[in-house]
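Right, one structure below, let's go through it.
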Amino acid sequence: RELAQVVAAQPQNNQARALLGLCLYQLNRLPEAIRELEAVHRAQPDDLGVAYALAHAYLSNDQIAPATELVERVFNRLDSA
1 RELAQVVAAQ PQNNQARALL GLCLYQLNRL PEAIRELEAV HRAQPDDLGV
51 AYALAHAYLS NDQIAPATEL VERVFNRLDS A
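The numbering of the sequence shown is full-length UniProt numbering, which starts it at 1 and goes up by one.
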């Protein structure tokens, strides 16, 4: 609850949003977890930990296409680095 309050007060706090997304994932609140992780991924597209967590949340929510697209984008980015 406190973490959600931090995110509500500081929506640009990506570290808090990522932690909230991970907590929501652990609570099996997948749509909410995905929403938070997507927001962080948009702000920090090079953060591989967030990309991994988001892809895992997509898979857990039976969203195979978005998970596959995300993993492909990450691999393409790594190949070009």
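Think of the CB as a built atom: it goes at the ideal place given N, C-alpha and C, for glycine as much as any other residue.
Count the other C-beta atoms from every protein chain shown that fall within 10 angstroms of the C-beta of Ile-64, then say buried if there are 16 or more, exposed otherwise.
Residue mapping note: residue 64 aligns to position 64 of the sequence shown, counting from 1. Classification for Ile-64: exposed.
CB contact flag (Ala-4, Gln-10, <9 angstroms)
Here the question's residue 4 lines up with position 4 in the sequence shown. Here the question's residue 10 lines up with position 10 in the sequence shown. Not closer than 9 angstroms, so no.
Hey, Glu-36 and Leu-48: beta-carbon distance below 9 angstroms or not?
Taking the first residue of the sequence shown as 1, we reach residue 36 at position 36. Taking the first residue of the sequence shown as 1, we reach residue 48 at position 48. Using a Cβ distance threshold of 9 angstroms, Glu-36 and Leu-48 do not count as a contacting pair.
Does DSSP classify residue 162 as helix, strand or coil?
The structure shown does not extend to residue 162, since the chain is modelled only from 1 to 81, so the question has no answer here.
At the level of alpha carbons, what is the spacing between Glu-32 and Arg-73?
Locating residue 32 in the sequence shown gives position 32, where the first residue counts as 1. Locating residue 73 in the sequence shown gives position 73, where the first residue counts as 1. The alpha-carbon atoms of Glu-32 and Arg-73 are separated by roughly 23 angstroms.
DSSP-derived helix/strand/coil call for Asn-13
One-based indexing of the sequence shown puts residue 13 at position 13. If DSSP states are grouped into helix, strand and coil, Asn-13 belongs with coil.
Arg-35 in three-state terms, based on DSSP
Taking the sequence shown and counting its residues from 1, the one referred to as residue 35 is at position 35. It is helical.
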